[in-house]
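Just so you know, numbering that gives the first Met the number 0 puts 6 at position 7 of the sequence shown, and the rest follows in order with no gaps. Ideal Cβ positions, reconstructed from N, Cα and C, are used throughout, including at glycine. Predicted model only: the values in this text are computed from it and were never measured.
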Amino acid sequence: MFKKIFGKLFADEPKQSFDEPRIIEVKSKRALRKYGGRKKLIAPPSSYAELMRMVPEGKLITKDSIREYLIKKHQADYVDMLTSEIYINLVANESFEGKIEEVPYWRTVDIDGRLNPKFPGGIESQKRLLESEGHKIVQKDKFYYLKHYKNKLFKFPETVK
């Protein structure tokens with residue numbers, strides 16, 4: 000599916016499996032200023048699924064912690080944000096539909112503990128699943144947040160390369 004959707008974006012890139020992480024050397028000065036380097040990582044959906052599966056019941060991860068782990072693991076300077084958002088949501092939807100081995104996607108939240116309205120079933124589904132694991136959810140304005148989420152963050156194993 001990835002190749003069909005995104006294949007044209009990488010038409011001038013060397014041929015490489017879409018199941019492997021890709022490091023692209025970005026020539027933009029803006030990237031250097033904004034991210035502190037030129038090595039952009041595009042990790043495949045399987046990398047996100049693997050990390051999301053590690054999170055045990057009662058624990059949480061943030062999207063940023065996934066990105067930071069992948070950056071360290073692959074010695075990149077930054078992760079393509081749009082692609083990572085798409086892949087996290089893709090993993091959630093494919094798991095929900097039974098197309099891949101189950102991934103506890105509902106344990107993945109935004110950096111501030113905010114629930115993800117784009118996950119299958121929307122906020123209500125993620126809220127119900129998290130509450131069933133003992134988490135407390137609070138509403139602020141139109142958003143829902145996990146109460147004391149920082150105390151329940153899962154730590155990925157240290158990367159060694």
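Contact fails between the stretch 111–118 and the stretch 65–80, because fewer than three Cβ pairs, one in each stretch, are under 8 Å apart. Its chain contains I60, P103, R106, T107 and F153 as the residues whose beta carbon lies nearer than 8 Å to that of V54, once the 5 sequence neighbours on both sides are disregarded; these appear in chain order. Nearest to K72 by alpha-carbon distance, out of R21, S131 and H147, is R21.
Residue G35 holds the alpha-carbon nearest to the alpha-carbon of K26 among R52, H147 and G35. Per DSSP, Q138 is not a residue of any alpha helix (DSSP H); the beta strand (DSSP E) it occupies stretches across I136 to K139.
Per DSSP, the unbroken beta strand (DSSP E) holding K39 starts and ends at K38 to I41.
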